[in-house]
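Chains as they are written, first to last, in the working numbering: chain Z, 12 to 285; chain X, 398 to 504. Backbone N, C-alpha and C define an ideal beta-carbon position, used for all residues, glycine too. Each remark here refers to the structure printed beneath this line.
Given below as structure tokens:
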């Protein structure tokens, strides 16, 4: 019996005041424990690649036929290209193969100095503005996608593990609340498809678990590389909800929850999806 | 903006054929699409791609709207002498791109 049902039963009893107190205790106590409950147990997590066809998986697996590698290579060039004050990423971070290894697996991360949550795109742009004294990349621009793909690619194979303690906790809680809230004209939550119905069909598509471990991805439908936030906007459009801007606080919080939810899944960047 | 990747075997034997793969980052805008406010997006595709093997033309492709974005081509050449493959292309805006790869012929 759920806490709400128990509360209703108690409220129907002959001592209404006591019932209300019980109800408050019953509703509050389990919700604190539930805040870190996993709807999909860790061993059952599946990358989006496993929901695609063999042809798409083969395209992703071969580094030459994977079109996302074109962006990774462009990112590699940008890594050592000076910007703004004349410094490149490599001026401080040296070889990305060593310095960026595993970084994507712990993002989004809360920066205590900047007092805000950063995803990899946000971190790159913060570095560009604060350290390189250059103009920030436009959201979803080719250069930002390329550099993000290059940075995330260095973590390929690393299992995701993000921190949700301390200041990150409120972001996680908001992201989790967003994930389970029904939104849009279709009145659907993220969980409606990606937790209750993954593996089933939605028209011609197989619904995946909605895991964030391969971004930026090359989507055949887009014919280009796109960020996780672009993909999330596709879902918002699908349920006829308000299209939140790329990089908005709501999508960042959701990204943190998704990363926590994907704990242990290996980074695949650049992924290929239909 | 165009970047390309070329793949040839690290070493090939004289007289034998070898596989060449090339993939170019290009939006290949068809000219049939409109933007968010209904304005047509002008066609911009790579209209010509030439591959030269040690200066001699080995492959010429006339491309059009039918090609997917980020075109991927795969073809075979017969190994003659060590040297290089040079790919050159031009799109509808007149933007030119090029990329090269070394060919090592043994025997």
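Residue-chain proximity (residue i, chain X), Cβ-Cβ < 8 Å
{"i": "residue 78(Z)", "result": "yes"}
{"i": "residue 81(Z)", "result": "yes"}
{"i": "residue 129(Z)", "result": "no"}
{"i": "residue 75(Z)", "result": "yes"}
{"i": "residue 37(Z)", "result": "With a pLDDT of 49 at residue 37(Z), under the threshold of 50, the modelled position of this residue cannot be trusted; read the value that follows with caution. Not an interface residue."}
{"i": "residue 150(Z)", "result": "no"}
Presumed contact (8 Å Cβ cut-off) between residue i and residue j, rounded CB distance
{"i": "residue 171(Z)", "j": "residue 116(Z)", "result": "5 Å"}
{"i": "residue 85(Z)", "j": "residue 157(Z)", "result": "4 Å"}
{"i": "residue 128(Z)", "j": "residue 179(Z)", "result": "7 Å"}
{"i": "residue 457(X)", "j": "residue 411(X)", "result": "Actually they do not touch by this definition, with Cβ atoms about 24 Å apart."}
{"i": "residue 209(Z)", "j": "residue 220(Z)", "result": "5 Å"}
{"i": "residue 164(Z)", "j": "residue 83(Z)", "result": "5 Å"}
{"i": "residue 102(Z)", "j": "residue 92(Z)", "result": "The Cβ separation is near 11 Å, so there is no contact."}
{"i": "residue 80(Z)", "j": "residue 281(Z)", "result": "6 Å"}
{"i": "residue 228(Z)", "j": "residue 240(Z)", "result": "So it is not a contact: roughly 12 Å between Cβ atoms."}
{"i": "residue 488(X)", "j": "residue 441(X)", "result": "6 Å"}
{"i": "residue 75(Z)", "j": "residue 186(Z)", "result": "Between residue 186(Z) and residue 75(Z) the Cβ distance is about 36 Å, and since that is not below 8 Å, they are no contact."}
{"i": "residue 224(Z)", "j": "residue 276(Z)", "result": "4 Å"}
{"i": "residue 168(Z)", "j": "residue 278(Z)", "result": "7 Å"}
{"i": "residue 244(Z)", "j": "residue 63(Z)", "result": "The pair is not a contact, with the Cβ atoms about 21 Å apart (cut-off 8 Å)."}
{"i": "residue 160(Z)", "j": "residue 236(Z)", "result": "6 Å"}
{"i": "residue 347(X)", "j": "residue 415(X)", "result": "Examination of residue 347(X) is not possible in this model, given that chain X is present from 398 through 504 alone."}
Outcome for residue i when other beta-carbon atoms lying within 10 angstroms are tallied against a minimum of 16
{"i": "residue 504(X)", "result": "exposed"}
{"i": "residue 58(Z)", "result": "buried"}
{"i": "residue 430(X)", "result": "exposed"}
{"i": "residue 190(Z)", "result": "buried"}
{"i": "residue 214(Z)", "result": "exposed"}
{"i": "residue 438(X)", "result": "exposed"}
{"i": "residue 428(X)", "result": "exposed"}
{"i": "residue 226(Z)", "result": "buried"}
{"i": "residue 462(X)", "result": "exposed"}
{"i": "residue 130(Z)", "result": "buried"}
{"i": "residue 501(X)", "result": "exposed"}
{"i": "residue 125(Z)", "result": "exposed"}
{"i": "residue 188(Z)", "result": "exposed"}
{"i": "residue 262(Z)", "result": "buried"}
{"i": "residue 272(Z)", "result": "buried"}
{"i": "residue 183(Z)", "result": "buried"}
{"i": "residue 61(Z)", "result": "exposed"}
{"i": "residue 54(Z)", "result": "exposed"}
{"i": "residue 132(Z)", "result": "buried"}
{"i": "residue 407(X)", "result": "exposed"}
{"i": "residue 266(Z)", "result": "buried"}
{"i": "residue 109(Z)", "result": "exposed"}
{"i": "residue 105(Z)", "result": "exposed"}
Closer than 8 Å to chain Z by CB, residue i
{"i": "residue 469(X)", "result": "yes"}
{"i": "residue 420(X)", "result": "yes"}
{"i": "residue 488(X)", "result": "no"}
{"i": "residue 466(X)", "result": "yes"}
{"i": "residue 404(X)", "result": "yes"}
{"i": "residue 433(X)", "result": "no"}
{"i": "residue 400(X)", "result": "yes"}
Alpha helix (DSSP H) segment containing residue i, residue limits
{"i": "residue 443(X)", "result": "No alpha helix (DSSP H) contains residue 443(X), which is instead part of the beta strand (DSSP E) from 443–450."}
{"i": "residue 245(Z)", "result": "239–249"}
{"i": "residue 459(X)", "result": "Unbroken run through residue 459(X) is the beta strand (DSSP E), 453–459; no alpha helix (DSSP H)."}
{"i": "residue 135(Z)", "result": "131–141"}
{"i": "residue 153(Z)", "result": "153–164"}
{"i": "residue 471(X)", "result": "Taken as a continuous stretch (DSSP letters only), residue 471(X) belongs to no alpha helix (DSSP H), being part of the beta strand (DSSP E) at 469–475."}
{"i": "residue 283(Z)", "result": "First-last for residue 283(Z): 282–284, but that is the beta strand (DSSP E), not the alpha helix (DSSP H)."}
{"i": "residue 48(Z)", "result": "It is not in any alpha helix (DSSP H) - residue 48(Z) carries neither H nor E in the DSSP assignment."}
{"i": "residue 255(Z)", "result": "Neither: residue 255(Z) is in no alpha helix (DSSP H) and is coded neither H nor E."}
{"i": "residue 79(Z)", "result": "79–90"}
Residue range of the beta strand (DSSP E) that includes residue i
{"i": "residue 405(X)", "result": "No beta strand (DSSP E) contains residue 405(X), which DSSP labels as neither H nor E."}
{"i": "residue 195(Z)", "result": "Taken as a continuous stretch (DSSP letters only), residue 195(Z) belongs to no beta strand (DSSP E), as it is neither H nor E."}
{"i": "residue 214(Z)", "result": "Residue 214(Z) -> no beta strand (DSSP E), and no H or E assigned at all."}
{"i": "residue 397(X)", "result": "In the structure displayed, chain X extends from 398 to 504; residue 397(X) sits before or after that span and is not available."}
{"i": "residue 230(Z)", "result": "228–230"}
{"i": "residue 121(Z)", "result": "120–122"}
Chain-ordered residues of the stretch 83–108 of chain Z with a beta carbon less than 8 Å from chain X: Within the stretch 83–108 of chain Z, the residues whose Cβ lies closer than 8 Å to some Cβ of chain X are 84, 85, 88, listed in chain order.
Within 7 Å of chain X by C-beta, residues of the stretch 231–260 of chain Z in sequence order: Residues passing the 7 Å Cβ filter: 234, 235.
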